[in-house]
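Residue numbers (numbering that gives the first Met the number 0): 0 to 80.
Just so it is clear, CB atoms sit at the ideal spot from N, CA and C, and this is done for glycine as well.
Just so it is clear, the structure is predicted and the values come from calculations on it, not from any experiment.
Input: a single structure, listed below in structure tokens.
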Amino acid sequence: MDYSMIGKIEKAKRYAEERERFEVKSLSVIVGGANNPHAVQYDAGEWNCDCEFFKSRGRCSHTMALEIILEGMVKEAPLEV
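Rendered as structure tokens:
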């Protein structure tokens with residue numbers, strides 16, 4: 000491996016540790032649910048999921064799991080209990 004690539008790998012590791020560098024604008028993910036996989040999208044601060052719970056409540060375990068994973072990299076939706 001050449002030395003310039005080694006430097007890039009080290010830089011990538013530093014960036015990965017500095018989550019505040021990243022802002023996710025849009026994302027499409029398949030989440031393996033308890034019964035079925037679900038398509039989740041994030042675009043311009045808005046979440047969407049194809050599960051029935053999301054359709055009735057506007058939030059679900061699939062979107063909340065991704066909010067946790069992407070903490071600090073996406074706009075947070077207010078938590079309603």
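If we count the other Cβ atoms within 10 Å of its Cβ and call it buried at 16 or more, is residue i buried or exposed?
i, result
"Tyr14", "exposed"
"Tyr2", "exposed"
Residue i to residue j, Cα distance in whole Å?
i, j, result
"Lys7", "Tyr41", "29 Å"
"Trp46", "Ile67", "13 Å"
"Tyr59", "Val28", "First, the amino acid is wrong: residue 59 is Cys here, not Tyr. Rounded to whole angstroms, Cys59 to Val28 spans 14 Å at the Cα level."
"Cys26", "Met0", "For clarity, residue 26 is Leu in the given sequence; the question names Cys instead. Their backbone Cα atoms lie some 32 Å apart in a straight line."
Keeping to the same chain, check which residues put their C-beta closer than 8 Å to that of residue i; ignore five residues upstream and five downstream.
i, result
"Lys81", "Nothing about residue 81 can be reported from this structure: the residues present for the chain run from 0 to 80 only."
Apart from the five residues on each side of it in sequence, which residues of its chain come closer than 7 Å, Cβ to Cβ, to residue i?
i, result
"Glu22", "Met72"
"Thr62", "Val39, Trp46, Cys48, Phe53"
"Arg20", "Tyr14"
Quick check: is any heavy atom of the ligand SAM less than 7 Å from the C-beta of residue i?
i, result
"Cys48", "Looking at this structure, you won't find the ligand SAM or any other ligand, since it has none at all."
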